[in-house]
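First to last, the protein sequences are chains A, B, C, D, E and F. Under my numbering, the first residue of the first sequence is numbered 1, with each subsequent residue one higher. Under my numbering, the first residue of the second sequence is numbered 257, with each subsequent residue one higher. Under my numbering, the first residue of the third sequence is numbered 513, with each subsequent residue one higher. Under my numbering, the first residue of the fourth sequence is numbered 769, with each subsequent residue one higher. Under my numbering, the first residue of the fifth sequence is numbered 1025, with each subsequent residue one higher. Under my numbering, the first residue of the sixth sequence is numbered 1281, with each subsequent residue one higher. Beta carbons are placed, not taken as given, at the ideal position from N, Cα and C, and that holds for glycine. Note that the structure is a prediction, hence the values are computed from the model and not measured. Below: the structure, in structure tokens.
6 protein chains.
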Amino acid sequence: MRVDGRKADELRNIHIETGYLKHPEGSVLITVGDTKVICTASIEDRVPPFLRGEGKGWISAEYSMLPRATETRNIRESSRGKVSGRTMEIQRLIGRALRAVVDLEAIGERTIWIDCDVIQADGGTRTASITGAFVALTMAVAKLVEEKELPTFPVTDFLAATSVGIIEEVGVILDLNYIEDSSALVDMNVVMTGAGEFVELQGTGEESTFTAGQLQEMLAAAKKGMKELSAIQKEALGEIAEKIGSKPTDGSEKQS
Amino acid sequence: MRVDGRKADELRNIHIETGYLKHPEGSVLITVGDTKVICTASIEDRVPPFLRGEGKGWISAEYSMLPRATETRNIRESSRGKVSGRTMEIQRLIGRALRAVVDLEAIGERTIWIDCDVIQADGGTRTASITGAFVALTMAVAKLVEEKELPTFPVTDFLAATSVGIIEEVGVILDLNYIEDSSALVDMNVVMTGAGEFVELQGTGEESTFTAGQLQEMLAAAKKGMKELSAIQKEALGEIAEKIGSKPTDGSEKQS
Amino acid sequence: MRVDGRKADELRNIHIETGYLKHPEGSVLITVGDTKVICTASIEDRVPPFLRGEGKGWISAEYSMLPRATETRNIRESSRGKVSGRTMEIQRLIGRALRAVVDLEAIGERTIWIDCDVIQADGGTRTASITGAFVALTMAVAKLVEEKELPTFPVTDFLAATSVGIIEEVGVILDLNYIEDSSALVDMNVVMTGAGEFVELQGTGEESTFTAGQLQEMLAAAKKGMKELSAIQKEALGEIAEKIGSKPTDGSEKQS
Amino acid sequence: MRVDGRKADELRNIHIETGYLKHPEGSVLITVGDTKVICTASIEDRVPPFLRGEGKGWISAEYSMLPRATETRNIRESSRGKVSGRTMEIQRLIGRALRAVVDLEAIGERTIWIDCDVIQADGGTRTASITGAFVALTMAVAKLVEEKELPTFPVTDFLAATSVGIIEEVGVILDLNYIEDSSALVDMNVVMTGAGEFVELQGTGEESTFTAGQLQEMLAAAKKGMKELSAIQKEALGEIAEKIGSKPTDGSEKQS
Amino acid sequence: MRVDGRKADELRNIHIETGYLKHPEGSVLITVGDTKVICTASIEDRVPPFLRGEGKGWISAEYSMLPRATETRNIRESSRGKVSGRTMEIQRLIGRALRAVVDLEAIGERTIWIDCDVIQADGGTRTASITGAFVALTMAVAKLVEEKELPTFPVTDFLAATSVGIIEEVGVILDLNYIEDSSALVDMNVVMTGAGEFVELQGTGEESTFTAGQLQEMLAAAKKGMKELSAIQKEALGEIAEKIGSKPTDGSEKQS
Amino acid sequence: MRVDGRKADELRNIHIETGYLKHPEGSVLITVGDTKVICTASIEDRVPPFLRGEGKGWISAEYSMLPRATETRNIRESSRGKVSGRTMEIQRLIGRALRAVVDLEAIGERTIWIDCDVIQADGGTRTASITGAFVALTMAVAKLVEEKELPTFPVTDFLAATSVGIIEEVGVILDLNYIEDSSALVDMNVVMTGAGEFVELQGTGEESTFTAGQLQEMLAAAKKGMKELSAIQKEALGEIAEKIGSKPTDGSEKQS
């Protein structure tokens, strides 16, 4: 049995509130158990220097925690004067994951800025950020399409993320909360598309290891969770959900 | 008539939701019109170096905006690597204001960290921060008192803040929203106690000036707003409100 | 009686030495009691990014103290790698104050850089900086006018600053020195024009408060000091003083 | 066929030169094709703050590239004044991976600093760093054991890393060089122990995705490469290799 | 003939005003032609970490220019957030030079902070800083000796600095002003003791070279200037000058 | 006798391996006793802002040490977030020295970046850097000349550097290793051209002094060492060596 009474392959209660803030083109408050993240998508009409003149867009993500999102107060990264390695790693992960399901050529020379601000943390903040950011981003591009700024709908598939891990005496579990995460032998973040393909797989046995068999078991649990997450995203997006992947994209395009 | 239909001396709709986050000792979400700020109070059992061994405590405040709290996205201060002058000025103001109504000796060698994170901005974020932070702080110290960590209730009076200003063709107005703030000839932030005394007065005529008569008119409007703010804080605090100033403090003490 | 024998509403000995340095377009050494500040004004033929193409100019101020301007040595901000909140607050105040009496459109697309470097500190360094910087700035623009670089004299009125405060057992005093400033219950900086209008009013009761009556008393003392400061500036400026406000400016212009 | 004529599951030429520098306790120059990394291990007799008094040690890694390790010159991170997200991510990975095969309690309150400096880059610098750093670290602790500073040999198993990926028209390949890495649809870094268990698995389809079947194929290729890497490390370590894992460690210990 | 009419081996007008500021233990305003530097010496009762418990003191120097000390305004190093290479080089030079004539063991575990702030620059700011700082430092230690804080007078000899250089069509010249410095083929800074020995010799032919013969000619000019500088320092120091080197120090001591 | 058995005026074993890395236009590994430095030269087709449009090029140098190049591990400057004063001083010296023997107009609007990375340190790292960097730079420009990018060979003379110093009981010595450097009374770095002229002379008696006679003795030892260094560079450069100074340059050109 798990600390919060869940079954091994059971997600926490998840809720996605869309249109949470008035200024951003897309915004949600995603709640995963006690983890709460504000995800916003902002459209900027230019691209980073390395892409200028390439005729394609970019997705850039930033992640931060309120100082008291956690049990004890953290010093702000702005006060420290630098962003931690953990934050940078998460930011890079969020951006990379979202870029896998957006046709960057179709968005033109624009940058979509994703901001994930954790207001309350109880484990799984990076996966909640990805799951929420996908919805915020989709709403922002839907607005561009509606305003005829984009000719086609550039989101090619659903995208969500969750964690799986191994706990002593419990075994493989899905969607770790903070207490589980702290004591897990193995922790793996999985980002998948609606079609069930992998976008990112980051497994680590901090001071521990895992076998090929354990890996398979974890991937199976992740797959189950992912289906449920897609359904929640679909409901949050309403009619917009139907436009995802609406423009048939062939393999060569996704791979260019 | 004002852009949002308010009367000259009318506050916006204000709501203070207490216990907004689960980890901090005190936390609120304060809503002032479209301005929304999460204010938290965290207790740390030590003081800054300059106070060590002095037998008294400290209140330190930090302020930040989500990148997309505003109309257009702002670069995070953590990405810039430094905190702006505006942010520092606001942080210093919030801390100074709160220290005026807390008996620092009564809290012992502790630091109360105030974090004000603006999630949506529409003018008046610094005054909303002070008004909300006062409630979060009071709840945090109430918890300390309840747990017998403190012998007396250290909050000596109510404290709230609002803005007043002068708009061309309208004259003196109370509680400026962003559009009003942008076009105001004079902008003045006022921090007052429940007893109606001034704690801070910061008036500035950016590229303009104001007369002694206009000053009096603005102070009168501020006083009216302040009474309403105290009532809203009182309701949010419930029973705790009655403990404020419960330990009779004489002038000499406040001035030591 | 005050620590240095002055009457409650008496300024310290004040002297303004013009043309103090050979390179800057305008420069003074202002002495206010034991406080000494070098103020320079430098003309740069371009404006900050946010003003480009707007056809108006800008005034930007920087403030610093020599490490040993004070009783004990301070670490240089360049060694720390960042500017303190106090410094930023003062810099913003100086710039804002000066911009209130300069017709920014009349100076064209130029930036006037004001540098205030405190070489000896004994309280009131920010107000001495403003009073001295006004003279340096006026001399610099006078040179531009003389060289036919500017068609009209862009300084619309005199501008000076001083402090007032409340000391226990003494009451309201004018122009606080360091010892007085350290023990004051209330400290208020006032920036006024030659016409007696307010430009900035920053009153703070660090760990204390003040009443409306005390505010009136402080403003009266400030007004008296301000007249004397204008006279000293006038003498320092000589003939140039007569050009100030020479171009009749109506209210709407000052307020645009 | 691959760009450099290798078979799909063939490693590049790999050489590990031990004792490369005279000062560090352990040092190697590892050459993987045209990728060259100097890895050193330095013993420090204290631990980071968060471990003080815990009776266990720590392994901390830093990674850097010479500015001209690459095709075009990179700006030094010391000149930029900050370490990039990529560098931080790699540093965290190297440290985490090595900690999985070292009994941190057995090394006592010491930090082993791992420095990986890439002097020439042609893809796979992070995996070469891990493979080389393992040898440098093992030599450094062997010296401690020899000098009777440590009672038991704290390295519990071999550890090496390599990359696998998917290239269009080629399919799954092992040990990607720079050109392959740049055009790969999927790139996966695998860190494994000598016993064939996973320590880290980081797979990413930058702007692409991969199926469960492709994952299995990549893991099989990684396993083959890993065996060869262990053999190369064994030869480089000579007699020291026999001490690895010599102290029987049970599962519970690794998991503590 | 030189641009300012001086003879080849003629110093500029030099003046040293002692006791320039009221707070520092020692302070001077040194004027060398149009170059003006405020030099202060501050005593701190502790030493840098690397000297703790060694029973000896340290001398640390900092150097800065006011933004408008020069023809065109320089950005403050505090605004840039970092100290330039040029500034660091000068600071290291000043500290090293002064340490050569102070018996560091005799000052005990104290740091003497030297601050050289250039308020007006016309070439030779680093040599003026050394010459002025020597006087400020000597006055500060004289105060310590007078207050019986030090048993012996720790300054072992006079120390001054000047520049020599080679100008096309003029040849070797002494004490270069800014215009000369800008066009010099060779520029050499010389720091010497009162006894005529070298402490520092820094000659550089930026994009040029110099012969052994030219070197001898420059050293002869430097020697002449140095005698005159010592005389000026002697006069500025008054009676204190007689204490310099008063405690006979043998070679071995200076070399320890 | 010296600690390593050398004669007073004997250089250490010196070896220059050219073409050490595959990416840079020029690269060497220079070995001076136990000191090893990788020097690379990279050509960039633009110049720093202050030279734009001047029709001439620039040489910019950077210097760094691996953390464990030394006896005890140094913290990386990238981790510290700033470059030390020592590093900046060395970088400026290397750049300045090389610019003295390169006709900057002849290289056109290009920057030659010199990177000197010390992988093992045993004294004399800055002089080894200059000696090695000269060879790397010469090879890089030879490639430009060969590819017809440059019409003439822009290197006007050989350039090398070494140190001389004074050791107690030994006297003047050439090419100090780390132990000698640590105990030297005087330490002087000399940069000379193949023609025997001085480019840089930096002598310092840290906490000591030296006479004119000792200076002459040191310069004589330096001259001897310099001849041997030029011969080693010549051999390393092979045929390219003959092109150095091939285009007769007159004094006026060098001095422009």
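**Prompt:** From E:P1175, E:V1214, E:G1147, pick the residue whose C-alpha is nearest to that of E:K1247; which is it?
**Reply:** Working through the fifth sequence from its first residue, we reach residue 1247 of chain E at position 223. For E:K1247, the closest C-alpha among the options E:P1175, E:V1214, E:G1147 is that of E:V1214.
**Prompt:** Per DSSP, what kind of secondary structure is A:E89 in: helix, strand or coil?
**Reply:** Taking the first sequence and counting its residues from 1, the one referred to as residue 89 of chain A is at position 89. Collapsing the DSSP output to three states places A:E89 in a helix.
**Prompt:** Start and end of the beta strand (DSSP E) containing B:I423?
**Reply:** Taking the second sequence and counting its residues from 1, the one referred to as residue 423 of chain B is at position 167. 415-423 is the extent of the beta strand (DSSP E) around B:I423.
**Request:** Starting from the beta carbon of D:Q970, find every residue of chain A whose beta carbon is closer than 9 angstroms, and list them in chain order.
**Result:** The residue given as residue 970 of chain D occupies position 202 in the fourth sequence. Those within 9 angstroms of D:Q970 in chain A are E200, L201, Q202, G203, T204.
**Rounded C-alpha distance that separates B:V428 from C:H527** = On the second sequence, residue 428 of chain B is found 172 positions in, with the first residue counted as 1. On the third sequence, residue 527 of chain C is found 15 positions in, with the first residue counted as 1. Distance from the CA atom of B:V428 to the CA atom of C:H527, rounded to whole angstroms, is 39 angstroms.
**Item:** CB contact flag (C:D634, C:I550, <9 angstroms)
**Value:** Residue 634 of chain C sits at position 122 when you count from the first residue of the third sequence. Residue 550 of chain C sits at position 38 when you count from the first residue of the third sequence. No, the pair does not count as a contact, with Cβ atoms beyond the cut-off.
**Request:** Output yes if chain E places a C-beta closer than 9 angstroms to the C-beta of C:T674; else output no.
**Result:** Within the third sequence, numbered from 1, the residue matching residue 674 of chain C stands at position 162. With 9 angstroms as the cut-off, C:T674 does not count as an interface residue toward chain E.
**Asked** How about B:R352 and C:T716: do their beta carbons lie closer than 9 angstroms?
**Response** Reading the second sequence from its first residue, position 96 is the one you call residue 352 of chain B. Reading the third sequence from its first residue, position 204 is the one you call residue 716 of chain C. Closer than 9 angstroms, so yes.
**Request:** Within the same chain, show all residues whose beta-carbon is closer than 6 angstroms to that of D:A929, passing over the 5 residues directly before and after it, in chain order.
**Result:** What you label residue 929 of chain D is simply residue 161 of the fourth sequence in a count that begins at 1. Cβ neighbours of D:A929 beyond the five flanking positions: T895, I898, T899, V959.
**Prompt:** Listing by chain order, which chain C residues have their CB less than 8 angstroms from the CB of E:S1103?
**Reply:** On the fifth sequence, position 79 is the one that residue 1103 of chain E refers to. Near E:S1103 (Cβ distances below 8 angstroms), the residues of chain C are E574, V595.
**Prompt:** Among A:A41, A:R2, A:E10, A:R12, which one has its Cα closest to the Cα of A:T18?
**Reply:** Along the first sequence, read from residue 1 onward, the residue named residue 18 of chain A stands at position 18. It is A:A41 whose Cα lies nearest to the Cα of A:T18.
**Prompt:** Hey, does F:R1390 have any beta-carbon neighbour from chain E nearer than 9 angstroms?
**Reply:** Reading the sixth sequence from its first residue, position 110 is the one you call residue 1390 of chain F. With 9 angstroms as the cut-off, F:R1390 does not count as an interface residue toward chain E.
**Message:** Short of 6 angstroms in beta carbon distance, which residues of its chain neighbour E:S1206, apart from the five on each side in sequence? Order them along the chain.
**Reply:** Against the fifth sequence, residue 1206 of chain E aligns to sequence position 182. None.
**Asked** Got a sec? Which residues, its chain only, sit under 7 angstroms from F:P1528 by beta carbon, not counting five neighbours each side?
**Response** For the purposes of this step, residue 1528 of chain F is identified with residue 248 of the sixth sequence, where counting begins at 1. Residue placement at F:P1528 is flagged as unreliable, the pLDDT there being 48, under the threshold of 50; a coordinate-derived value is accordingly withheld.
**Message:** Between which two residues does the alpha helix (DSSP H) holding C:K660 run?
**Reply:** Numbered from its first residue, the third sequence carries residue 660 of chain C at position 148. Per DSSP, C:K660 belongs to no alpha helix (DSSP H) and is neither H nor E.
**Prompt:** Using a Cβ-Cβ distance under 9 angstroms, would B:L471 count as near chain C?
**Reply:** Here the question's residue 471 of chain B lines up with position 215 in the second sequence. B:L471 counts as touching chain C.
**Item:** Separation of D:I811 from F:T1352, as counted between CA atoms
**Value:** Taking the first residue of the sixth sequence as position 1, residue 1352 of chain F is located at position 72. Taking the first residue of the fourth sequence as position 1, residue 811 of chain D is located at position 43. Going from the Cα of F:T1352 to the Cα of D:I811 covers about 9 angstroms.
**Request:** Return the residue from the list B:V339, B:D371, B:G364 that minimises the CA-CA distance to B:F390.
**Result:** Mapped onto the second sequence, residue 390 of chain B falls at position 134. B:F390 has its Cα closest to that of B:D371, out of B:V339, B:D371, B:G364.
**Prompt:** How is F:F1433 classed by DSSP in three states: helix, strand or coil?
**Reply:** For the purposes of this step, residue 1433 of chain F is identified with residue 153 of the sixth sequence, where counting begins at 1. F:F1433: coil per DSSP, three-state reduction.
**Request:** Scan the region 779-826 of chain D and note each continuous beta strand (DSSP E) run of 3 residues or more that stays entirely inside, going in chain order.
**Result:** 782-786, 794-800, 803-812
**Request:** Classify D:I862 as helix, strand or coil using the three-state DSSP reduction.
**Result:** One-based indexing of the fourth sequence puts residue 862 of chain D at position 94. In the structure shown, D:I862 falls within a helical segment according to DSSP collapsed to helix, strand and coil.
**Asked** Who are the near neighbours of A:I94 in its chain, counting only those whose CB is closer than 8 angstroms to its CB and skipping five residues on each side?
**Response** Counted from its first residue, the first sequence places residue 94 of chain A at position 94. Same-chain partners within the cutoff: A61, Y63, I114, C116, R126, S129, I130, A133.
**Request:** Can you grab the Cα-Cα spacing for the pair E:V1294 / C:I744, in whole Å?
**Result:** Outside the displayed span of chain E (1025 to 1280) sits residue 1294 of chain E, for which this structure offers no information.
**Prompt:** Is there a Cβ from chain F that is less than 9 angstroms from the Cβ of E:F1074?
**Reply:** The count along the fifth sequence starts at 1 and reaches residue 1074 of chain E at position 50. So no, E:F1074 is outside the interface.
**Message:** Quick check on D:I941: does DSSP put it in helix, strand or coil?
**Reply:** Along the fourth sequence, read from residue 1 onward, the residue named residue 941 of chain D stands at position 173. It is a strand residue.
**N- and C-terminal bounds of the beta strand (DSSP E) containing B:I368** = Your numbering for residue 368 of chain B matches position 112 in the second sequence. 367-376 is the extent of the beta strand (DSSP E) around B:I368.
**Message:** By DSSP's criteria, B:N445 is part of a beta bridge. Which residues make up the other side?
**Reply:** As a first step, residue 445 of chain B is located in the second sequence; it is residue number 189 there, counting from the start. Partner(s): B:S419, B:Q458.
**Asked** Are A:I59 and A:V102 touching if we call contact CB-CB under 9 angstroms?
**Response** As a working note, residue 59 of chain A is residue 59 in the first sequence. As a working note, residue 102 of chain A is residue 102 in the first sequence. In contact: A:I59 and A:V102 (Cβ atoms closer than 9 angstroms).
**Message:** Classify B:F409: buried if its beta carbon has 16 or more other beta carbons within 10 angstroms, exposed otherwise.
**Reply:** Translated into positions along the second sequence, residue 409 of chain B becomes position 153. With 16 or more other Cβ atoms within 10 Å, it is buried.
**Message:** By DSSP's criteria, E:F1234 is part of a beta bridge. Which residues make up the other side?
**Reply:** Counted from its first residue, the fifth sequence places residue 1234 of chain E at position 210. Paired residues: F:F1478.
**Prompt:** Counting only beta-carbon atoms, is D:L789 nearer than 9 angstroms to chain F?
**Reply:** Here residue 789 of chain D refers to the residue found at position 21 when the fourth sequence is read from its first residue. It does: the Cβ of D:L789 has a partner Cβ on chain F nearer than 9 angstroms.
**Prompt:** What do you reckon, are the CB atoms on C:G757 and C:T668 nearer than 9 angstroms?
**Reply:** Position 245 of the third sequence, counted from the start, is the residue given in the question as residue 757 of chain C. Position 156 of the third sequence, counted from the start, is the residue given in the question as residue 668 of chain C. In contact: C:G757 and C:T668 (Cβ atoms closer than 9 angstroms).
**Message:** What does the alpha-carbon distance come out to for the pair A:E147 and A:A106?
**Reply:** As a first step, residue 147 of chain A must be located in the first sequence, where it is residue number 147. As a first step, residue 106 of chain A must be located in the first sequence, where it is residue number 106. A:A106 has its alpha-carbon roughly 15 angstroms from the corresponding atom of A:E147.
**Within 8 angstroms of chain A by C-beta, residues of the region 391-421 of chain B in sequence order** = none
**Request:** Under 9 angstroms between beta-carbons, which chain C residues line up against E:T1042? List them in chain order, please.
**Result:** Along the fifth sequence, one-based indexing puts residue 1042 of chain E at 18. Result: empty, since nearest Cβ-Cβ is about 15 angstroms, beyond 9 angstroms.
**Prompt:** What is the rounded straight-line gap between the Cα of E:P1091 and the Cα of C:F670?
**Reply:** Here residue 1091 of chain E refers to the residue found at position 67 of the fifth sequence. Here residue 670 of chain C refers to the residue found at position 158 of the third sequence. Note on geometry: alpha-carbon atoms of E:P1091 and C:F670 lie some 26 angstroms from one another.
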